[in-house]
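Presented below is the structure to which this report refers.
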Amino acid sequence: MEKKTVDALAVSGKKVLVRVDFNVPLDEYLAITDDRRIIAALPTIRSIISRGGIAILMSHLGRPKGGPEARYSLKPAAEHLAKLLGQPVRLAPDCVGEQVRHMVSALKPGDVLVLENTRFHKGEEKNDPQLADELAALGDLYVNDAFGTAHRKHASTYGVPEKLGAGRRAIGLLIQKELQFLGQSLEHPQHPFIAILGGAKVSDKIAVIENLLTKADHVLIGGAMAYTFFMAQGKKVGNSLCEKDKVPLAKSLLEKAGGKLVLPTDTVVATEMTDQAKTSVVSGDIPDGMEGFDIGPATAKHYAALISTARTVVWNGPMGVFEKKPFQNGTRVVAESMAGVTAHGATTIIGGGDSAAAIEEFGLADKVSHVSTGGGASLEFLEGKGFPCLDLLDNA
Ligand code: AMP
């Protein structure tokens, strides 16, 4: 079901509570080292203030212990937002309380106020009804544009829209884009549909593999998770990272997949995971004393050929230890192949987390259809899980 978007809300003169994701990384001097999450929220904020609405922004930052901590203040985010918008942005000293209510009542159409970190209250993560009541009382309307926390049932993501009630709740433009790609494109994919899964552990991605096996034509496996599948096939894995207790599960996934699961045929191995590591390539078994750190060149070539035929591609998890130069090739080839097939009209989606970091590092993020802003959230989406926080919002 399509959701009502912020653009469809009559915001003029109204106070709009917007759950944004300003959980940006900060350095030791509290300077923002990556402002993409703030930039991603701008279209929604502009949609509200350009139509005479008042934007009251709620977010968490980091993992405070349930009380105020200066290093988790949203002050740097509010200051940066003011620069990006080219207008003053005030920061409230808290997200609820007498002083905040006073500040809110003084706001005029077109104003932007950032409420202080919602996780300075223990009630946020517990979806405490009293905190949700107090937050909801600050606004007339509610918009959720924080995809990164859309899988969490917290006060600012669930309790507040629940209190405000139907007819007053919408998704923001960032979440609209995430739902369009992770939702519609994968629900009704154009075929061939190829899923690429990598990363450290099979156990993190079992539900994703199971869900995508029902939809994709091929599921290509890379990263350390490949070695658990190797063990399931009776191959040797040397000292490679693998999950022995997940071998029976890997076996049953291979049986269920009926040939859809594609495993590496060669592996880049070394004795150490460093930038200076001496590497070699092995086919099949990984010798004793060696560790697999990347898919081999023949596998990379095979995966690139498969990706080039696809009409829809989704990727989650690097093919190897891409953080180290000697083990970057597999991940780079996948990123380049996705960029290449995008240029030929395919829909290509990066499912957040480390693959998003990798495609950024290779300078190819704007050459694919969509890079999800949610790590855990996009993984849960790929598992086919519903998001109660979004289901709750009004339909279009
Ligand atoms: P994940 O968070 O599960 O997507 O895992 C990402 C991490 O897996 C990255 O930091 C990679 O360096 C790591 N990784 C990928 N392939 C391997 C491998 N063959 N051995 C060890 N770590 C790996």
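Letter 239 of the sequence shown, counting from 1, is numbered 238 in numbering that gives the first Met the number 0, and no numbers are missing.
Beta carbons: idealized from backbone N, C-alpha and C, even for Gly.
Answer yes or no: do residue i and residue j have a C-beta to C-beta separation smaller than 9 angstroms?
i, j, result
"L163", "L219", "no"
"G257", "V333", "no"
"V142", "T227", "no"
"L130", "A154", "yes"
"Y302", "V261", "yes"
"G128", "D93", "Before going further, note that residue 128 is Pro rather than Gly in the sequence given. Cβ distance not < 9 angstroms, so P128 and D93 don't count as in contact."
"L381", "N315", "yes"
"G287", "K235", "Contrary to the premise, residue 287 reads as Asp rather than Gly in this sequence. Yes. Within cutoff."
"G147", "A364", "no"
"S239", "G171", "no"
"R118", "P63", "yes"
"M272", "K324", "no"
"V370", "A345", "no"
"T341", "S368", "yes"
"L80", "L60", "no"
"A199", "M224", "yes"
"T156", "R18", "yes"
"L211", "I348", "no"
"Q321", "E360", "According to the sequence as given, residue 321 is Phe; it is not Gln. Yes. Within cutoff."
"L253", "V201", "no"
"S11", "G51", "yes"
"K384", "H101", "no"
"G352", "L378", "yes"
"A395", "G374", "no"
"H120", "G65", "yes"
"S46", "D6", "yes"
"V88", "E78", "yes"
Going by DSSP in three states, residue i sits in which element: helix, strand or coil?
i, result
"A399", "Residue 399 falls outside the range modelled here, since the chain spans only 0 to 395, and no answer is possible."
"T346", "strand"
"D439", "Residue 439 falls outside the range modelled here, since the chain spans only 0 to 395, and no answer is possible."
"N328", "helix"
"V19", "coil"
"T311", "strand"
"T4", "strand"
"H369", "strand"
"L56", "strand"
"D300", "Per the sequence presented here, residue 300 reads as Lys, with Asp not at that position. Here K300 sits in helix by DSSP."
"R70", "helix"
"L41", "helix"
"L305", "helix"
"L381", "helix"
"L25", "strand"
So is the beta-carbon of residue i under 8 angstroms away from any non-hydrogen atom of the ligand GTP?
i, result
"L178", "Among the ligands modelled here, namely the ligand AMP, the ligand GTP does not occur."
Check the C-beta distance from residue i over to residue j and give it rounded, since I have them as a contact under 8 angstroms.
i, j, result
"A39", "L173", "5 angstroms"
"A215", "K255", "In fact, because the Cβ distance is near 13 angstroms, the residues do not count as touching under 8 angstroms."
"N56", "V113", "For the record, residue 56 in the displayed sequence is Leu; it is not Asn. Contact holds; Cβ gap of about 5 angstroms."
"I285", "T266", "6 angstroms"
"T372", "E177", "7 angstroms"
"L16", "G138", "3 angstroms"
"G166", "D393", "6 angstroms"
"S282", "T270", "About 19 angstroms; that fails the 8 angstroms criterion."
"G152", "P387", "A small correction: the amino acid at residue 152 is Lys; Gly does not occupy that position in the sequence shown. Indeed they touch by this definition, with Cβ atoms about 6 angstroms apart."
"F180", "A309", "Actually they do not touch by this definition, with Cβ atoms about 15 angstroms apart."
"V111", "I31", "The Cβ separation is near 17 angstroms, so there is no contact."
"Q175", "T4", "5 angstroms"
"N116", "Y71", "5 angstroms"
"L25", "L83", "Actually they are not in contact, since the Cβ atoms of L25 and L83 sit about 17 angstroms apart, beyond 8 angstroms."
"K2", "A169", "7 angstroms"
"F467", "A91", "No information on residue 467 is available, as it lies outside the stretch 0 to 395 that the chain covers here."
"V268", "G319", "That belief does not hold up - the Cβ atoms of V268 and G319 are roughly 11 angstroms apart, past 8 angstroms."
"G403", "S307", "With the chain represented from 0 up to 395, any question about residue 403 goes unanswered, as that position is not in the structure."
"L106", "K13", "In fact, because the Cβ distance is near 11 angstroms, the residues do not count as touching under 8 angstroms."
Which full runs of the alpha helix (DSSP H) of 4+ residues lie inside the region 111-195, going along the chain?
-> 128-135, 159-163, 172-177
Curious, which full-length alpha helix (DSSP H) runs of at least 4 residues does the region 201-284 contain?
-> 205-212, 224-231, 246-256
Whole beta strand (DSSP E) runs in the region 73-101 with 3 or more residues, listed along the chain?
-> none
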